[in-house]
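Numbering (my numbering), first residue to last: 125 to 348.
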């Protein structure tokens, strides 16, 4: 799940209209931003299992027992909500990441960072990659219509970018996996960390700026 996380900002804006879009845009991707940082610290990351090289992941296994565990997600979301100044909005935005990942991820989501108790996901990506892609497409489209004033220019630009990211990520995924598998551990960790940070921080900034300009303009018109 990638673009589906950002698509959910549309739905969140309905329930938290006065919240800064930056809080929502960074919140929905916070778990993967944390994952990117932990990759650089070699706490989480990827390994290669040669026996599974014929699988859809090319034998690439993800290890995200801290950032993507259920307890880890709750703690991260609570900390984010407390620090961002809008606890409920921040907590909910960050919590949605675990929920969406649970739908499509393999059985790599643990109860907590310490135990080996698996609580998700559904393995949808491994069972039917195309089905997972269609489901994420449906989430993107459904959330697009849930956006406040979804016919506005800003909402249309936002949704076009989300769908573009969805298409680009799907097309580039096989080559990305192949390149990651070919790297040694140290290089793989660095590439994974930097790639994840770029993939989530940059769109979060873009979406936050795009939606914040609309919010400020709307407030200015109301006060005029």
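Heads up, the beta-carbon is just placed ideally off N, CA and C, and yes, glycines get one too.
I need the DSSP call for residue 185, collapsed to helix, strand or coil. Position 61 of the chain shown holds residue 185. Three-state DSSP puts residue 185 in a strand.
Which one of 239, 295, 245, 203 has the shortest CA to CA distance from residue 222? Position 98 of the chain shown, counting from 1, holds the residue named residue 222. Taking only the C-alpha atoms, the option nearest residue 222 is 245.
Taking buried to mean at least 16 other C-beta atoms within 10 Å of its own C-beta, is residue 320 buried or exposed? By one-based count along the chain shown, residue 320 stands at place 196. Under this definition residue 320 is a buried residue.
With a threshold of 16 other CB atoms inside 10 Å of the CB of residue 309, please say whether the residue is buried or exposed. Residue mapping note: residue 309 aligns to position 185 of the chain shown, counting from 1. Answer is exposed; the Cβ neighbour count stays below 16.
Ignore the nearest five residues each way along the sequence and tell me which others in residue 281's own chain have a CB closer than 8 Å to its CB. Along the chain shown, one-based indexing puts residue 281 at 157. Once the five neighbours on either side are set aside, the close Cβ partners of residue 281 are 334.
So, for residue 159: in the same chain, excluding its five sequence neighbours on each side, which residues have a beta-carbon less than 8 Å away from its beta-carbon? Numbered from 1 along the chain shown, position 35 holds the residue referred to as residue 159. So the list reads 168, 188, 191, 192, 320, once near-sequence residues are dropped.
Find the nearest neighbour of residue 251 within the set 264, 270, 267, 230, judged by alpha-carbon distance. Residue numbering aside, residue 251 sits at position 127 when the chain shown is read from its first letter. Cα-wise, what sits closest to residue 251 is 230.
Under 8 Å by Cβ, that's how I've got residue 350 and residue 148 pegged, so tell me the actual separation to the nearest angstrom. This structure cannot speak to residue 350, because the chain is shown only from 125 to 348.
Note down the Cα distance separating residue 347 from residue 134, rounded to an integer number of angstroms. The residue labelled residue 347 in the question sits at position 223 within the chain shown. The residue labelled residue 134 in the question sits at position 10 within the chain shown. Only weak support is given to the placement of residue 347: the predicted model assigns it a pLDDT of 41, under 50, and the value that follows is read from those uncertain coordinates. Straight-line Cα distance between these residues: approximately 24 Å.
Can you tell me whether residue 258 is buried or exposed, with buried defined as 16 or more other CB within 10 angstroms of its CB? As a position in the chain shown, residue 258 is number 134, starting the count at 1. Classification of residue 258: exposed, given that the 10 Å Cβ count is below 16.
Please list the terminal residues of the continuous alpha helix (DSSP H) segment that includes residue 350. Missing from the structure shown is residue 350; the chain here goes from 125 to 348 and no further.
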